[in-house]
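The block underneath contains the structure these notes are about, expressed in structure tokens.
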Amino acid sequence: MSMVQSDHTAERDAESMAFAKGRVVENEDSVFEFCRPRSVALRSVASDITAHVSAELENRLSARPAGGAGGEPIPAASLPNLQQHQPRNATKDPLEEVSNWLRLLKKGKVAETKTYFPIQQLLLFSMREIDGQVEDCQKDRDLGRLLQDYCRILPFKNVDTGPQGKDDQRRVDIGLYAQGVSDDFSFDSVEVQQDIDYSSTFAVIEVKPDSLAASVRQALAQLLLYSRNMYAMQPNRRFIWGITMCGNEVRTCLFSNDIVFSSSAIDITTAAGRRQFVELLVNFSLCEVDQLGYDPTIRWHPEHNCWAIEGPDTAGKSSGTTTVKTYYSDKQLLSSADELFGRHRRCFLVTDEKPTGNGIAPKFILKDAWPEVEEDPAQDKRSEIRFMRHIATELAQSDVEDLVYPKLHAGDRVHIDANGEVFEDNVKNILGSLFSLRKPDGGSIPFRVHTRVIMGNIGKPLKHVESVHELIVVLGDAMRCHSEILKRCSILHRCITDSNILVVREEGKPVRGLLIDFDSALEVGQVRAPVRSEQTGALPYASINRLLASDVEQTELDDWESLVYLICWYATIGICRDKKDRRHPASMRGLAISKWRNGTPKEIGEAKKDNLETLNGFHSRIIRHFHPNRDIDILQNLVEDLYMDLFQKLDLRKDGTCDGSRYRGTQPMRIRGEDTTPNPFKERLEKKREITTALLATMTEAWKSSRNICIA
Numbered sequence: 001m002s003m004v005q006s007d008h009t010a011e012r013d014a015e016s017m018a019f020a021k022g023r024v025v026e027n028e029d030s031v032f033e034f035c036r037p038r039s040v041a042l043r044s045v046a047s048d049i050t051a052h053v054s055a056e057l058e059n060r061l062s063a064r065p066a067g068g069a070g071g072e073p074i075p076a077a078s079l080p081n082l083q084q085h086q087p088r089n090a091t092k093d094p095l096e097e098v099s100n101w102l103r104l105l106k107k108g109k110v111a112e113t114k115t116y117f118p119i120q121q122l123l124l125f126s127m128r129e130i131d132g133q134v135e136d137c138q139k140d141r142d143l144g145r146l147l148q149d150y151c152r153i154l155p156f157k158n159v160d161t162g163p164q165g166k167d168d169q170r171r172v173d174i175g176l177y178a179q180g181v182s183d184d185f186s187f188d189s190v191e192v193q194q195d196i197d198y199s200s201t202f203a204v205i206e207v208k209p210d211s212l213a214a215s216v217r218q219a220l221a222q223l224l225l226y227s228r229n230m231y232a233m234q235p236n237r238r239f240i241w242g243i244t245m246c247g248n249e250v251r252t253c254l255f256s257n258d259i260v261f262s263s264s265a266i267d268i269t270t271a272a273g274r275r276q277f278v279e280l281l282v283n284f285s286l287c288e289v290d291q292l293g294y295d296p297t298i299r300w301h302p303e304h305n306c307w308a309i310e311g312p313d314t315a316g317k318s319s320g321t322t323t324v325k326t327y328y329s330d331k332q333l334l335s336s337a338d339e340l341f342g343r344h345r346r347c348f349l350v351t352d353e354k355p356t357g358n359g360i361a362p363k364f365i366l367k368d369a370w371p372e373v374e375e376d377p378a379q380d381k382r383s384e385i386r387f388m389r390h391i392a393t394e395l396a397q398s399d400v401e402d403l404v405y406p407k408l409h410a411g412d413r414v415h416i417d418a419n420g421e422v423f424e425d426n427v428k429n430i431l432g433s434l435f436s437l438r439k440p441d442g443g444s445i446p447f448r449v450h451t452r453v454i455m456g457n458i459g460k461p462l463k464h465v466e467s468v469h470e471l472i473v474v475l476g477d478a479m480r481c482h483s484e485i486l487k488r489c490s491i492l493h494r495c496i497t498d499s500n501i502l503v504v505r506e507e508g509k510p511v512r513g514l515l516i517d518f519d520s521a522l523e524v525g526q527v528r529a530p531v532r533s534e535q536t537g538a539l540p541y542a543s544i545n546r547l548l549a550s551d552v553e554q555t556e557l558d559d560w561e562s563l564v565y566l567i568c569w570y571a572t573i574g575i576c577r578d579k580k581d582r583r584h585p586a587s588m589r590g591l592a593i594s595k596w597r598n599g600t601p602k603e604i605g606e607a608k609k610d611n612l613e614t615l616n617g618f619h620s621r622i623i624r625h626f627h628p629n630r631d632i633d634i635l636q637n638l639v640e641d642l643y644m645d646l647f648q649k650l651d652l653r654k655d656g657t658c659d660g661s662r663y664r665g666t667q668p669m670r671i672r673g674e675d676t677t678p679n680p681f682k683e684r685l686e687k688k689r690e691i692t693t694a695l696l697a698t699m700t701e702a703w704k705s706s707r708n709i710c711i712a
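The letter at position 490 of the sequence shown is residue 490 when you use full-length UniProt numbering, and the numbering goes up by one with no holes.
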């Protein structure tokens, strides 16, 4: 692993674990209910298969005086070839290695590397036996219909290796994949995939040599970090499963949008513990795909090399009705769900025309997310669909020059057809009785619903700007739209980040910018309502008030503050047409701006307060370290002007008795003749209109100048 990759991994680990604190519920055995088959008949079949496989396993593992395996050796042809991972002194019967491993576990610690092969063999033996039982059951017509969703839970061949698909080179102990979820297989043979790939990993088994509490916590933390990559690489993933094997203790974990549930330990060295493990595998194999965490309304079509996504055909109609239609997207997403917790937002470029083999010609942006909402859609005043309808109506009448705004094509909550019933895909239905539990920090689990919104605009991520002037035009369009939406609709966006501003290129027109994603938005009168549980805005762009959980009302000033951070971040990385000339975020560790990315929200907020206290300090710590691009001085001037408008506006007065110092900077400043030291953030709210007018004028002037250069 390169030094840059190592630093980047360390940064992501620190960021991830800061968010993970207070989110793990331990010893919650209800997680096993999540994967139990829903139908009574199939549960009975699962129980019978579990009994048979467990009995056969114990028969094979019956201890001989020498500690070996009992029964006849398993024919070599019946299990996949994993010879390259066998210990040098491995016996001819792979299951005997399992027996020897279990015997050593009873005596104490076993090295992680000595555990991989026995676990693989235990999994493969169990699946071979499950296969045989399912194949027999499918000969019965009625049972065959029950088993139509059967899949195999198999280990990847390679162990202790960095998975494919991400630049994160952290090594995974054992990866599992679900054969049959998106592909077909034959009962005649079991051929395992060789390389672990995040795009096809169903779950990860994290191994530790002992069952000490510290080892269990570390194993769980590592699974949590892997889940981020699995969400990012699997557009059809709703939640994640994981397994820890710490010494003789096995725990099953479920990673949801806001919380992690971990079962109590089962002892794999006992027959009862092994039966529970087999039961877990049987249930995984027989349950429906949505119980595995997959989204049955998003499927990969290999014949057309595209995703087929069920979505609403109109705005506001239930996606469980006949108004559903299919949209198609190629493999490359506009943005992926690269996060541990929260909305897990994904954006696809889609068309509603069935592919013919000539690739996808996108017509829309489809956003798939899990926002916090009111359970009753009729009472949900924060519905993005409701906001977008209002925006489209009002901004169609706007006289602002060349205004670009999101145009709603369709949108609604997602419904899933499972076990013959249609239900809304929300966390309450997924978690069942667990939804009523409190998080370890005392908070309630937020109600989230799966939504899809289709917009009639298309664009590319902000990183596709090719010059300083293009960046200014795109950001200028976004903030002019932001201001017009606030003025005409009284809707505050509240999440100005690079992932929410798209670059729009249309033939015959100059580059433009599009502000999207109103999941975090509020009507102005609701701004003091309880905030969503996840951090609004990615950390580098979040406002100081937001990061410090201040009681100061959050307004458009926070969004303009986020714009300042966004410009600084992109200017430091570099606005270079050739990506190799840009700085990698991990290479910026020595710069003050790196503290905007790493640490707790409070630590990041304090760093920003220090960096932006004065213009001179802001320049010396942040602005002077901008990447030496062509025209970077224009961006330096713009961010200084925005800073002065927001934090150091000189012409503000209060009743003619103050020189304006009460409104300046980021730190409380003593005002002569007053008993209290005013908070400048709170004081600036009194002058919000003057400040935002100045900010918009500054941005519009820069937008016009850069737009003329882009057109020329």
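Quick reminder that beta carbons are idealized off the backbone N, C-alpha and C, glycines included.
Taking only three categories from DSSP, how would you classify residue i?
i, result
"V192", "coil"
"R452", "strand"
"Y327", "strand"
"F348", "strand"
"G605", "helix"
"I240", "strand"
"V373", "coil"
"S78", "A caution first: S78 carries a pLDDT of 45, below 50, which makes its placement in the model too unreliable to give a value."
"S444", "strand"
"E129", "helix"
"K139", "coil"
"I309", "strand"
"R152", "strand"
"Q169", "coil"
"Y198", "coil"
"F364", "strand"
"P235", "coil"
"Q667", "coil"
Using the C-alpha atoms, what's the distance from residue j back to residue i?
i, j, result
"I360", "C137", "42 Å"
"Y294", "H301", "15 Å"
"A378", "N426", "16 Å"
"E401", "L548", "37 Å"
"G180", "F284", "12 Å"
"S244", "S30", "Sequence inspection shows Thr at residue 244; the Ser mentioned does not correspond to that position. When rounded, the distance between both Cα atoms is 17 Å."
"E686", "H464", "38 Å"
"G68", "L104", "Any reading at G68 must be qualified, since the residue scores a pLDDT of 42, below 50, and its modelled position is unreliable; no value is offered."
"D48", "R38", "16 Å"
"G132", "D581", "57 Å"
"V250", "I623", "51 Å"
"I516", "T700", "19 Å"
"Y570", "L492", "24 Å"
"P94", "T269", "17 Å"
"T91", "Q121", "Unreliable positioning characterises T91 in this predicted model, as indicated by a pLDDT of 45, which lies under 50. The coordinate reading is nonetheless provided below. Each residue's alpha carbon lies about 12 Å from the other."
"F348", "P362", "9 Å"
"I196", "C253", "20 Å"
If I measure Cβ to Cβ from residue i and keep anything under 7 Å in the same chain, skipping five residues before and after, which residues do I get?
i, result
"F423", "H415, I416, N429"
"K407", "A392, M455, G456, N457"
"D519", "R343, A369, P371, E384"
"R707", "V473, P510"
Give every residue of the same chain whose Cβ lies closer than 8 Å to the Cβ of residue i, excluding the five residues on either side of it in the sequence, and list them in chain order.
i, result
"Q218", "K208"
"G617", "D610, N611"
Can the beta-carbon of residue i be found closer than 8 Å to that of residue j?
i, j, result
"I544", "K608", "yes"
"L366", "I309", "yes"
"residue 715", "L642", "The chain is shown from 1 up to 712; residue 715 falls before or after that span and cannot be answered."
"I711", "V468", "no"
"I298", "N236", "yes"
"Q193", "Y177", "yes"
The ligand FAD heavy atoms versus the CB of residue i: any closer than 7 Å?
i, result
"L462", "This structure lacks the ligand FAD, and indeed carries no ligand of any kind."
Below 6 Å CB to CB, which residues in the same chain sit around residue i once its five sequence neighbours on both sides are set aside?
i, result
"L281", "S126, I153"
"D477", "V404, R512, G513"
**Asked** Enumerated in chain order, which unbroken segments of the beta strand (DSSP E) with a length of 3 residues or greater are wholly contained in the stretch 243-307?
**Response** Qualifying beta strand (DSSP E) stretches, in chain order: 249-255, 260-262, 298-301.
**Message:** In chain order, what are the residue ranges of uninterrupted alpha helix (DSSP H) at least 4 long that sit wholly in the stretch 392-442?
**Reply:** Taking only runs of at least 4 residues, the alpha helix (DSSP H) segments lying wholly in the stretch 392-442 are 427-431.
**Message:** My parser needs the alpha helix (DSSP H) runs of 4 or more residues fully inside the stretch 610-648; what are they?
**Reply:** Fully enclosed alpha helix (DSSP H) runs of no fewer than 4 residues occupy 615-621, 632-647 of the stretch 610-648, in order along the chain.
**Item:** Every unbroken beta strand (DSSP E) within the stretch 496-563, with a cutoff of 3 residues, ordered by chain
**Value:** Whole beta strand (DSSP E) segments, 3+ residues: 501-504, 512-515.
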